[in-house]
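Undergrad: I have a structure I would like to understand better, so I am pasting it below and will then ask my questions one at a time.
Numbering (the UniProt record's numbering), first residue to last: 1 to 119.
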């Protein structure tokens with residue numbers, strides 16, 4: 001997996017990348033009570049606001065970590081936002097994207113660098 005400074009994780013699987021937020025992010029947010037996911041088929045650019053998260057502590061946005069097309073969203077997460085808290089890097093994934101430029105993931109951190117970031 002790769003990680004962003006904004007506490008997102010990216011898991012490449014063939015030509016699709018699954019994206020979610022890290023356990024560290026869910027701990028900082030507290031209990032997640034609402035998630036607004038992007039539209040399937042939407043074309044997004046790195047830095048676009050594409051997900052809204054509301055927790056007991058704050059509202060937050062997830063920015064697109066790479067350019068591409070949203071190919072799937074986690075409907076189960078929309079129905080049960082607590083999945084992000086319970087299994088951040090598994091069942092709590094947010095969306096799947098088909099990158100238009102996979103080399104953008106080269107800018108992301110590996111696990112060791114992300115662990116150093118969150119200290």
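Where a beta carbon is used, it is the ideal one built from N, C-alpha and C, also for glycine.
(1) Where residue 86 and residue 92 are concerned, what is the direct C-alpha to C-alpha distance, given to the nearest angstrom?
(2) What does the Cβ neighbour count give for residue 57, buried or exposed, with the cut at 16 atoms within 10 Å?
(3) Enumerate, from N- to C-terminal direction, the unbroken beta strand (DSSP E) stretches of 3 or more residues contained entirely within the UniProt domain "Lipoyl-binding" (16-98).
(4) Taking residue 77 as the reference, give the member of 65, 48, 37, 16 with the closest Cα.
(5) Out of 2, 107, 46, which one is the CA nearest neighbour of residue 13?
(6) Determine the extent of the beta strand (DSSP E) in which residue 6 is found, giving its start and end residues.
(7) Here's a check: name, in chain order, each residue in its chain whose Cβ is nearer than 6 Å to the Cβ of residue 121, leaving out the five neighbours to either side.
(8) To the nearest angstrom, how far is it from the Cα of residue 184 to the Cα of residue 51?
TA: Here's the rundown:
(1) 7 Å
(2) exposed
(3) 16-21, 32-36, 49-55, 59-63, 68-73
(4) 37
(5) 2
(6) Looking at the DSSP string, residue 6 is not in any beta strand (DSSP E), and its letter there is neither H nor E.
(7) Nothing about residue 121 can be read from this structure; the chain reaches only from 1 to 119.
(8) Any property of residue 184 remains undetermined from this structure, which presents the chain solely from 1 to 119.
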